[in-house]
Structures are given as C-alpha cells and as structure tokens.
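Chemist:
2 protein chains.
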Amino acid sequence: MANISESIEQFIIATMGDNDFVDISRNSLAEYFSCAPSQINYVLDTRFTVDRGFVKESRRGGGGFIKISRIKSSDTNAYLNGLVLESIGDELSYKRMIQILDKLIADGLMNKKESELVEASLSEDSLSMPFTIKDKVRAKAFKNVLLKLMITK
Amino acid sequence: MANISESIEQFIIATMGDNDFVDISRNSLAEYFSCAPSQINYVLDTRFTVDRGFVKESRRGGGGFIKISRIKSSDTNAYLNGLVLESIGDELSYKRMIQILDKLIADGLMNKKESELVEASLSEDSLSMPFTIKDKVRAKAFKNVLLKLMITK
DNA sequence: TGTAATTTGACCATCTTTGACTAATGGTTT
DNA sequence: AAACCATTAGTCAAAGATGGTCAAATTACA
C-alpha cells in the first residue's frame, strides 16, 4: 500500500464498515491524509464507482458533505441483464471487465477463484489474437459468462 | 556470477526466500544494481518464466510494483503442468476442453460452477472470430486458466 | 569468428499527486 | 430581498512516478 490513494480507499471502506453508506468531508479527509482535496475526488472517481457498487451524492457550501452508498442489487438477474444489455456494448476492455468482476464479487455473485478463472480466460494474454478484435471477442464472451451466472446461481 | 543479470536473479530469489511471492520495485532494483531499469525486465523475462515456475503481475504509476509468485511444486501442479505442456498443444477444440474440464472436476480441482464459467468464456459462441484461430486462442487462454489454478490457493 | 546472451537507452503507457480555477450553498449584512 | 462572504465540493490539466517495449550496441562463449 505504497500510495496514498489506496490508503484513503481503505480508510473509507473501513469507516463504512457494515453500513450501507458513509458521510465524509472532503477537506477534513484531505487534511487527515495531508493531500490535495482533489485527490479525494480522484479516489472517489477511480475506486468508488458504480461498477464497483457505489453511488455518491454531495453538497457544497457550509455543512457540505460527500455521501457514499453501497448499491444493493436485490434483483440479481435484472442487474445482470442490465450489465449485459447496457453497460457492456460491442466491446469490453480488460480493465473494464476487471471492474465488473470486482463488483460481482462484492455482490456475492462470484467468489475470488471464479473471478480469477474468468479473468485468466479473457486476459489480454489469453486473447492474443493477431487482430484488434480482442475487445469485441471479450465483450461477447463475457456476456456469456454473465448469462451463465443467471442460470447457475 | 560474471554478469549482472545473474546477480539480479540471485538477489530476487534470495529476497523471496521461503515466501511464495515477492514484491519488487523496478527502479529501485535497477538503481541498486546500477543498471538500466529495462534490464530488470530482461531478467524477469528470461529467468522468472512460467517454465521455471514463476508468474508475474505488475502495476505502473505511483506505488507501482512487480509481484513475482512462485508456482508451488506439488503433485497437483505437476499434473496441471503436464496438461499445459503436453496434452494441450497449440490448439484446443471446444470438445477437448470440455473433456479436460470434466476431468478437473472429477479430480476435485474445480467445481461445476467454476467449470461452467470457463466454458462460457471459451465456448464456440464466445470465441466468435473469423476462421480457424479459435482453437489457437482457446489453447492459449485455457493454459492461462490452468496456470491460475496452480497459484490460486 | 559467428551466434547467442546481455546491456543500454530512447520512447511509450499507465497511475498518482498537485494546484489553479470554478461552482454551489448557507449564513450575514445592508 | 439583495449583496456579500465564508465554506465546501468539482473539474481539469500538468507534473511526477512507475513499469513496458523494442532495437541497437556490446560482450561472452562455443
């Protein structure tokens, strides 16, 4: 954990604990970690994303705040279907796939090992094909993984 | 130990000791040995290979790292390795992959769900690419799955 | 002496950190 | 109210910090 961003991420997650949400103050957090306030935004933008299962709300001015909430995926299949139909288009980068896999784990739809097997199957190295259709193939393949998840349970 | 590469190799191995992985910083190591950073990559590429029982992961940017893991030698891994090196060549048909997956389940190395996820990832439909590179891609991808099985857990 | 292995360096890709400038909100003062 | 001010948060681009790739130059060795 050599960089501040990761520490901040861990701190926020720890603070949230088992709760559904947590309120933070951007400036206080920045001061606590001796970093630029905008770094808090960076952490929020790169780590507390929808793909990873979080939504954010905030307000500026006196008494301002940033509220981070966990997305509850109550209707699993509707959620997976949303991923298949909307979030994933015709192409899917490796990086984005990892984000989605992380979220599937967070939602309890997969465990680490399962995720790693899919990751190994569809990594950049695995899909070492002569053309630049990697992302297209990955998109199609990963949709099949999600589809399988819907019926496997 | 006439050349630097060998020293670097020994240093990394010594640092790893009995652990099953080690984190290194490319730049620090290069500085320590007064060599070009890319020489670290050279050492990694020529000595810490899969054939020699290592797998690598890395991240760039602040707090970046290179993680080298040791594939533990066990009967299981010897068996998986056999599959990688012998049974699977440059091409792997869907049918044959299913056979191997079934065997992995029978041997207790995977469960049904895990198998199905891999199957979904590398099915004929998923690998919808022009012409006959399907089996080549599947071979490479599936080898990565087996590799992952070796270091997972 | 010719081939393979090693060493270097220029250039690239990715992730993080910082800071200047902007926008919104609530309270205070006219 | 309207104007003003203090207090927050947001955006974005530049700089910094790593690791990756590739090929030319050099060295080792059979």
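Chains as they are written, first to last, in the working numbering: chain A, 297 to 449; chain B, 297 to 449.
The C-beta atom is built at its ideal place from N, Cα and C for all residues, glycine as well.
So if DSSP puts B:S365 in a beta bridge, which residue, or which two residues, is it bridged to?
Modeler: B:F317 and B:V351
Chemist: Flag this pair as yes or no: are the beta carbons of B:A416 and A:V433 separated by less than 7 angstroms?
Modeler: no
Chemist: Just to confirm the assignment, what range does the alpha helix (DSSP H) spanning B:L340 have?
Modeler: From DSSP, the alpha helix (DSSP H) with B:L340 extends over P333 to R343.
Chemist: With a threshold of 7 angstroms between beta-carbons, can B:V318 be considered close to chain A, or not?
Modeler: no
Chemist: Determine, for A:F325, whether the minimum Cβ-Cβ distance to residues of chain B falls below 7 angstroms.
Modeler: One point to set straight first is that residue 325 of chain A is Leu, not Phe, in the sequence displayed. For A:L325, the answer is no, since every Cβ of chain B falls outside 7 angstroms of its Cβ.
Chemist: If you follow the alpha helix (DSSP H) that B:V433 is in, where does it begin and where does it stop?
Modeler: K430 to I447
Chemist: Compute the distance between the beta-carbons of B:F438 and B:L388, then report whether it is under 7 angstroms.
Modeler: yes
Chemist: What separation, rounded to the nearest whole angstrom, lies between the Cα atoms of B:F329 and B:I304?
Modeler: Near 8 angstroms, if we compare the C-alpha coordinates of B:I304 and B:F329.
Chemist: If you scan the stretch 376-424 of chain A from start to end, which runs of the alpha helix (DSSP H) of 4 or more residues do you find wholly inside it?
Modeler: 390-402 and 408-417
Chemist: Tell me the DSSP secondary structure of B:N373 in three-state form.
Modeler: helix
Chemist: Go through its chain and collect everything with a Cβ distance to B:M312's Cβ below 8 angstroms, but skip five positions before and after it.
Modeler: V318, I364 and R366
Chemist: Tell me whether the beta-carbon of A:L445 lies closer than 7 angstroms to the beta-carbon of A:L418.
Modeler: Taking the C-beta atoms as reference points, A:L418 is found no nearer than 7 angstroms to A:L445.
Chemist: For chain B, check one thing: does any of its Cβ atoms lie closer than 7 angstroms to the Cβ of A:V414?
Modeler: yes
Chemist: Which of the three DSSP states, helix, strand or coil, is assigned to A:F307?
Modeler: DSSP places A:F307 in helix when its eight states are reduced to three.
Chemist: Do you know how far the Cα of B:S411 is from the Cα of B:V351?
Modeler: 22 angstroms
Chemist: To the nearest angstrom, how far is the alpha carbon of B:K436 from that of B:L423?
Modeler: 13 angstroms
Chemist: Would you grab the beta carbon distance between A:Q306 and A:R348 for me? Rounded to a whole angstrom, and I think it's under 8 angstroms.
Modeler: Not really, about 14 angstroms apart at Cβ, beyond 8 angstroms.
Chemist: Considering only the alpha carbon of each residue, which of A:I362, A:K408 and A:K430 lies closest to A:S321?
Modeler: A:I362
Chemist: Between the C-alpha atoms of A:R343 and A:M393, what's the straight-line distance to the nearest angstrom?
Modeler: Answer to the nearest angstrom: the Cα atoms are 14 angstroms apart.
Chemist: Closest Cβ-Cβ distance between B:L340 and chain A: below 7 angstroms?
Modeler: no
Chemist: Could you give the DSSP three-state label for B:A298: helix, strand or coil?
Modeler: coil
Chemist: Hey, does A:S334 have any beta-carbon neighbour from chain B nearer than 7 angstroms?
Modeler: no
Chemist: Quick check: what's the CA-CA separation for A:I308 versus A:C331?
Modeler: 15 angstroms
Chemist: Would you mind working out which of A:L325, A:G360 and A:L443 sits nearest A:L400, comparing C-alpha positions?
Modeler: Residue A:L443 is the option with its Cα nearest to A:L400.
Chemist: Distance check for A:K391 and A:N337, CA to CA, integer angstroms please.
Modeler: 20 angstroms
Chemist: If you compare alpha carbons, which of A:G360, A:I429 and A:A298 is closest to B:R356?
Modeler: Taking the Cα of B:R356 as reference, the smallest distance to any Cα among A:G360, A:I429 and A:A298 is reached at A:A298.
Chemist: Spatial neighbours of B:K430 within its chain, please: C-beta separation below 6 angstroms, excluding the five flanking residues on both sides.
Modeler: L423
Chemist: Which one of A:E353, A:L413 and A:V346 has the shortest CA to CA distance from A:A402?
Modeler: A:V346
Chemist: Would you mind sorting B:S334 into buried or exposed? The rule is 16 or more other CB atoms within 10 Å of its CB.
Modeler: exposed
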